[in-house]
Amino acid sequence: MTREERNRMPKQVKTAITPTRAEDYPEWYQQVIKVSDLAERSPVRGCMVIKPWGYALWENIVREMDAMFKATGVRNAYFPLFIPLSFLEKEAQHVEGFAKECAVVTHHKLEQGPDGRLVPAGLLPEPLIVRPTSETIIGDSFSRWIKSHRDLPMLLNQWCNVVRWEMRTRIFLRTSEFLWQEGHTAHATAEEAIERTRMMLDVYARMAEDYLAIPVVRGRKTASERFPGAVDTLCIEAMMQDRKALQAGTSHFLGQNFARASEIKFHTADESEEYAWTTSWGSSTRLIGGLIMAHSDDDGLIMPPRVASSHVALLPIWRTPDERPAVMAYTAELAARLRAVRYGNRNVQVEIDDRDTGGARGWDWIKRGIPLRVEIGPRDIAADAVFFGRRDLPAREKSALSRDQFVAEIVRILDEIQQKLFNRALSLKKENTILIDRQEEFYRFFTPLNADKPEIHGGFAMSHWCGSETCENRVKEDLKVTIRCLPFEDQTGPGACICCGKPSPQRVVFAKAY
RNA sequence: CGGGGCGUGGCGCAGUCUGGCAGCGCGCCUGCUUUGGGAGCAGGAAGUCGGAGGUUCAAAUCCUCUCGCCCCGACCA
Numbered sequence: 153m154t155r156e157e158r159n160r161m162p163k164q165v166k167t168a169i170t171p172t173r174a175e176d177y178p179e180w181y182q183q184v185i186k187v188s189d190l191a192e193r194s195p196v197r198g199c200m201v202i203k204p205w206g207y208a209l210w211e212n213i214v215r216e217m218d219a220m221f222k223a224t225g226v227r228n229a230y231f232p233l234f235i236p237l238s239f240l241e242k243e244a245q246h247v248e249g250f251a252k253e254c255a256v257v258t259h260h261k262l263e264q265g266p267d268g269r270l271v272p273a274g275l276l277p278e279p280l281i282v283r284p285t286s287e288t289i290i291g292d293s294f295s296r297w298i299k300s301h302r303d304l305p306m307l308l309n310q311w312c313n314v315v316r317w318e319m320r321t322r323i324f325l326r327t328s329e330f331l332w333q334e335g336h337t338a339h340a341t342a343e344e345a346i347e348r349t350r351m352m353l354d355v356y357a358r359m360a361e362d363y364l365a366i367p368v369v370r371g372r373k374t375a376s377e378r379f380p381g382a383v384d385t386l387c388i389e390a391m392m393q394d395r396k397a398l399q400a401g402t403s404h405f406l407g408q409n410f411a412r413a414s415e416i417k418f419h420t421a422d423e424s425e426e427y428a429w430t431t432s433w434g435s436s437t438r439l440i441g442g443l444i445m446a447h448s449d450d451d452g453l454i455m456p457p458r459v460a461s462s463h464v465a466l467l468p469i470w471r472t473p474d475e476r477p478a479v480m481a482y483t484a485e486l487a488a489r490l491r492a493v494r495y496g497n498r499n500v501q502v503e504i505d506d507r508d509t510g511g512a513r514g515w516d517w518i519k520r521g522i523p524l525r526v527e528i529g530p531r532d533i534a535a536d537a538v539f540f541g542r543r544d545l546p547a548r549e550k551s552a553l554s555r556d557q558f559v560a561e562i563v564r565i566l567d568e569i570q571q572k573l574f575n576r577a578l579s580l581k582k583e584n585t586i587l588i589d590r591q592e593e594f595y596r597f598f599t600p601l602n603a604d605k606p607e608i609h610g611g612f613a614m615s616h617w618c619g620s621e622t623c624e625n626r627v628k629e630d631l632k633v634t635i636r637c638l639p640f641e642d643q644t645g646p647g648a649c650i651c652c653g654k655p656s657p658q659r660v661v662f663a664k665a666y
C-alpha cells in the first residue's frame, strides 16, 4: 500500500476494525478490545485494566453465574490472597504444576537505599505466595471446619483475583492477574464428589451456551492436561472464529489427594475416620475473551444481550436548536419506558448519547457492541416511531417500529439477537468439526497453506486416539494440535488411532488451542 | 527463555537504508456552514520520536546497552 492510498483510506474504510479477522486475527482481537473500550494494558507486565464497559460485562457474567451456583446450594466466602509457602508444598503434583508460575512475597517493608531509591527490607520468616488458586488455603480451613459427616457436604465458592506468572500473556485470555471464581467442595463419598464435579461443569456449559451464546463441547481432559493434583478434570471447550479451541471452564474431581495433604478428615456414621472427597471448579475473565472471539466482527465487538454491558443506545437527532428540547424529552420518556422493562435478571439497560458528533456517534456504539441503537429525530416523533439498528445485522440495515411496539417487543428482539448469535456460533462450530479417520487427511486439515503467515484453518477434528501419551505428544509436536477433551457426547464407537492405528475406544477432540 | 517483527501527539502510520527545521490521516478544541447519519471549510492544541549511554557541528535516523509490545516455539484458565 502506498502512502497516498493509505491517506485516502478513511474515506473508503468499509470496516471499523483494521485489520479484519481474515487479515490478521490476533491483531484484530487486540483492536476490538481497544475500540470497544473494554480494557487496556497496564503499566505492569502481563496485567490489564478492565474499563467500565468491560467490567459491566463481567458483573453481568458474575451475577448470572453466582445465581446458578447458589441454586445448587453453594455459598460464597473469601479466603486470603496470600498463602504460606508451606501450604503449597503439601501436594506434590500441585507443587509441580504451579511452582514455576507463583509470585512470591518475601519482604514486608520498603526503605531508602544508599542511592535514595526504595528497596525491600524486613525479610519475612516464611515467604508468602500470591494465590495461583486456593485449594491449599481453603483445605486448611476445611480441615478445621469439617469434623463429622454431618458437616458434609461443604459447598463454598469465592470470587477473587489470582496471579499466575505467565511467560506469554494475552489480554483477557491469559493475563498474569485475572478475576475468577473458584468453587471448593468436600463430600463424604467419592460418588457424591464426582456428581458435583459434573454438576458444576453443566453450570459452566449453561452459562456459556445460554448467556454467552457460545456452544461448547463437554468432556474430560487427558492425563497430561489434567489439573495438577486432580484425579479427573472435566472441561468445556468452545470454538473461536479462527477455529481454535478455548477452554472456557474446568471442574476437577480431586479424589482424596488434597484431603490427605490438608488433613481434611471426618467421622463417619459408623464411627470410623475418613478423608473427605473434594472438588474444585473455576472460570475466569477469560470468558470475556471467548465472548469477543466467538461473536465480534470486522466492525468491532458484539455482545450477547443477556450479558451485554448495556442493551440500547438512544441517539437523539435534531437539526436546529429549537428542535432539541422536544427530541430530548421524547428520548428521556422512551428511556424511562424501556428501563421499566424486565429482561432476564435485570431491567433493560439504556444509554442516552446526546453528543452532537454526527454519524460517528452511531459507529461508536457499533464498535462497543451494544445490541440495539435507536435514532430519534423530529420525524420519528411526528410519527410516534423509532428507527433502530441491530448489532447482529449490517450497520445500514435499519428498521422502524412504532414506539409502543418497540417497547412491547424489545425483549423479543433481544432474545432474537441472543438466539441468532448462538446459532451463528453453532454453525461455525458444526461446519468446522469434522470426523477424520485418515492420518494424511488429519495432517492436511491442520497444516496451513501459507506457513509464514498462516491463514485461518483447521477446526475440531473428531478422531480416534489409542490413549497413549506418545501419540498425544506426536501430534502436538508435529502440528501443535492437542487433545482438547474426550467428549461426553458425539461418540461414534471404537476405531483406530489416528496416529498409530491401534484400537481406540472413542473419538476425541483434536484442535489447536489458546 | 530461543527465533522473527515492532516501539514516532489519543488511534493508525510515514520518515530510519543515505544524519540536516518532526510529518500525514483519523480523533480532539474553536468558529462558520451542514443536518435522517462514519459531514464540509477555516483556524488551533497536543511529541523530551520507548528509556539510558555513546559517535557527531548536528541523531527519530549511526553504535552499545536496556525496557516494553505483537507473532512463532517451550508453559498455562
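Under the numbering used here, the letters of the first sequence match residues 153 to 666, in that order.
Idealized CB from N, CA, C, for every residue including glycine.
Between Pro-305 and Thr-337, the CB-CB gap stays under 8 Å.
When the five nearest sequence neighbours on each side are left out, the beta carbons in the same chain lying within less than 7 Å of the beta carbon of Phe-405 are those of Ala-345, Ile-346, Thr-349, Ala-382, Val-383, Asp-384 and Thr-431, in order along the chain.
Contact check between the segment 384-397 and the segment 647-664: three or more CB pairs, one atom from each, fall below 8 Å, which counts as touching. Counting every other CB atom within 10 Å of its CB across the protein chains shown gives Glu-334 a total of 16 or more, marking it as buried. Remark: C-beta atoms of Thr-644 and Asp-450 do not approach each other more closely than 8 Å.
Of the residues Gly-653, Asp-642, Val-633 and Cys-649, the one whose Cα lies closest to the Cα of Glu-377 is Val-633. Burial state of Tyr-230 is exposed, judged by a 10 Å Cβ sphere holding fewer than 16 other Cβ atoms. By a beta-carbon distance limit of 8 Å, Cys-254 does not contact Trp-311. Their separation comes to about 21 Å. If you check the CB distance, Phe-379 and Ala-191 do not come in under 8 Å. Looking at the backbone, the Cα of Leu-353 and that of Asp-536 are separated by about 48 Å. In the three-state DSSP reduction, Ile-185 falls in the helix class (H, G or I). In the structure shown, Val-383 falls within a coil segment according to DSSP collapsed to helix, strand and coil.
Annotation: Ala-492 to Arg-320 spans about 45 Å, alpha carbon to alpha carbon.
In this model, Pro-367 and Gly-442 are separated by some 11 Å (Cα to Cα). Spanning the alpha carbons of Ser-436 and Gln-570 requires a straight line of approximately 22 Å.
Taking the Cα positions, Trp-470 is about 9 Å away from Asp-508.
Here Asp-544 carries a coil assignment [DSSP, helix/strand/coil]. At a Cβ-Cβ threshold of 8 Å, Ser-295 and His-419 do not count as neighbours. With fewer than 16 other Cβ atoms from the protein chains shown falling within 10 Å of its own Cβ, Leu-545 counts as exposed. Going by beta carbons, Phe-250 and Asp-292 fall outside the 8 Å limit. Sequence-distant Cβ neighbours of Glu-216 in its own chain, meaning closer than 6 Å and more than five residues away, are Tyr-363. For Val-493, the secondary structure class from DSSP, reduced to helix, strand or coil, is coil. Bridge partners of Val-201 according to DSSP: Glu-192. If you ignore the 5 residues before and after Glu-549, its C-beta comes within less than 6 Å of no other C-beta in its own chain. If you draw a straight line from the Cα of His-246 to the Cα of Pro-655, it comes to about 32 Å. With respect to Val-355, Met-220 sits close: the two C-beta atoms are nearer than 8 Å.
For Tyr-356, the enclosing alpha helix (DSSP H) covers residues 342-358. In this structure Arg-322 is not in contact with Leu-638, their Cβ atoms being roughly 26 Å apart against a cut-off of 8 Å.
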